[in-house]
Amino acid sequence: MMSFLMKRASFHSVAVIDTHTGGEPTRVVTSGGPDLGSGPLPERRDRFQREFDRFRSAVVNEPRGSDVMVGALLCEPVDPSCAAGVIFFNNVGYLGMCGHGTIGVVVALAHLGRLQPGEHRLETSVGVVTATLHPTGEVSVANVPSYRARKEFTVAVPGLGAVTGDVAWGGNWFYLVQKGDCDLRLANVEVLTDFCWRVRQAVNEQGFPEVDHVELFGPPTVPGAHSRNFVLCPGKAYDRSPCGTGTSAKLACLATDGKLAEGETWVQESIIGSTFAGTFRRQGDQIIPTITGTAYVNAESTLLLDDQDPFCWGIRH
Ligand code: PYC
């Protein structure tokens with residue numbers, strides 16, 4: 011009979027740092043990830059999906075993770091001016107950019123002594139972002155150019171009627187709805203989730219199959235905030251943070267409507283009351299949002315993947 015010690019030798023080890031940004035977790039994989047080669051990040055993300063998708067699920071899904079967790083695989087950047095490359099993923103697939111995740115990655119790298127306060131470029135699968143680690147521990151992320159693709163796009167949602175929102179890109183695709191008639195409170199998460207999920211399906215079917223996040227906006231509840239949001243992510247988990255890419259999409263809409271001036275601050279509150287401060291600058295005809303927030307380190311650990319474990323590769327959706 012195989013001894014317990016012999017069995018242990020079959021474990022594959024994955025080193026991770028867990029952080030949370032405004033309540034939303036990020037699991038940063040620092041070693042033990044798949045070899046994706048050295049091509050451009052979008053190609054490496056596609057290879058990750060094609061050949062190693064079970065690794066994604068093993069890292070973020072139960073029993074090691076949860077639906078809420080976002081993973082960040084560190085890799086060698088193609089662009090030598092970047093401190094690292096990073097591929098973001100979640101319970102059902104891959105994210106282009108991730109604002110809360112980038113803040114988590116920077117704090118994790120600082121925790122490991124691999125980054126000092128200052129400006130650092132990071133390569134993602136949708137472009138290079140610039141993160142500034144402030145001496146206070148806060149992190150500002152100058153995101154990829156963000157824009158609105160469609161203003162006031164009305165969809166007929168079965169069981170709900172007509173819903174109107176904007177379609178915008180902030181590193182991921184969002185449908186943004188100003189929702190005056192529903193309390194954006196944690197107690198309403200199930201109703202809000204159901205609403206967003208139906209809206210997403212309608213938006214996908216009626217013209218925008220790429221939209222995988224739905225973001226609702228209502229009045230703020232914490233001092234200094236301009237708005238509170240509820241963001242439903244692609245795998246039906248809601249973002250505990252105000253969502254960096256969602257806030258970027260919002261900033262692009264506000265900027266395009268002339269409702270926020272360049273350099274002016276927009277404080278976005280999340281459904282749990284955490285906040286990001288957002289600003290934007292213009293670069294030619296592009297809008298470059300910057301999101302500022304804070305992350306904390308929760309754990310520094312080693313995941314063990316045992317092929318003999320029937321749930322080694324996570325409980326998949
Ligand atoms: O902060 O950009 C973000 C994000 C996307 C999904 C969850 N968080």
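Using the numbering used here, you'd call the opening residue of the sequence shown number 11 and step up by one each time. Quick reminder that beta carbons are idealized off the backbone N, C-alpha and C, glycines included.
As summarised for the stretch 120-189, the continuous beta strand (DSSP E) elements at least 3 residues long and confined to that stretch are 128-134, 137-143, 149-152, 157-167, 171-179, 183-188, given in chain order. Counting of Cβ neighbours within 10 angstroms places Trp207 among the exposed residues, the total staying below 16.
In the displayed model, Gly273 falls within coil according to three-state DSSP, outside both helix and strand.
DSSP places Cys263 within a helical segment (H, G or I) once states are collapsed to three.
Assignment of Asn214 by DSSP, reduced to helix, strand and coil, places it in the helix class. For Phe65, there is no enclosing beta strand (DSSP E); the residue is part of the alpha helix (DSSP H) that begins and ends at 63-70. Nearest in C-alpha terms to Val199, of all of Leu242, Ser135, Thr285, is Leu242.
Within the DSSP bridge table, the entry for Pro299 names Phe290 as partners. Contact between Leu143 and Val149 holds, with the beta-carbon distance rounding to 6 Å and staying under 8 Å.
Of Gly175, Arg195, Trp179, Gly180, the smallest CA-CA separation from Gln188 is found for Gly175. Counting only residues of its own chain and dropping the five nearest sequence neighbours on each side, Thr36 has a CB closer than 6 Å to the CB of Thr29, Val80, Ala82, Gly111, Gly114.
Going by C-alpha positions, Leu202 is about 8 Å away from Phe240. No residue range can be given for Leu194, since it is assigned to no beta strand (DSSP E) and is classified by DSSP as neither H nor E. Between Val69 and Val24, the gap from beta carbon to beta carbon is short of 8 Å. Val39 and Gly217 have their C-alpha atoms spaced approximately 36 Å apart. For Leu105, the distance from the CB to the nearest heavy atom of the ligand PYC is below 7 Å. Straight across, the Cα-Cα distance linking Phe21 with Asn71 is about 18 Å. DSSP places Leu83 in the uninterrupted beta strand (DSSP E) bounded by 80-85. Burial check for Ser76: the Cβ neighbour count within 10 Å stays below 16, so the residue is exposed. Per DSSP, the continuous beta strand (DSSP E) segment holding Thr36 begins and ends at 34-41. Looking at the DSSP output, His223 bridges to Phe184. For Ala309, the uninterrupted beta strand (DSSP E) run begins and ends at 305-315, by DSSP. Distance from Ile325 to Ser258 at the Cβ level is roughly 31 Å; contact not present, criterion being Cβ atoms closer than 8 Å. A distance below 6 Å between beta-carbons, with the five flanking residues on each side excluded, links Arg131 to the following residues of its chain, in chain order: Ser91, Cys92, Val138, Thr140. The stretch 52-62 makes no contact with the stretch 303-310, as fewer than three CB pairs between them are under 8 Å.
In the DSSP annotation of this structure, the continuous segment of the beta strand (DSSP E) that includes Ile97 starts and ends at 92-99. In this structure, Leu196 and Ile282 form a Cβ contact; the two beta carbons are roughly 7 Å apart against a cut-off of 8 Å. Looking from the CA of Gln296, the closest CA among Cys263, Leu315, Trp323, Ser284 belongs to Cys263.
8 Å or more divides the Cβ of Asn153 from the Cβ of Gly128. The Cβ neighbour count for Arg291, taken over all protein chains shown within 10 Å, is under 16; the residue is labelled exposed. In the structure shown, Asp89 falls within a coil segment according to DSSP collapsed to helix, strand and coil.
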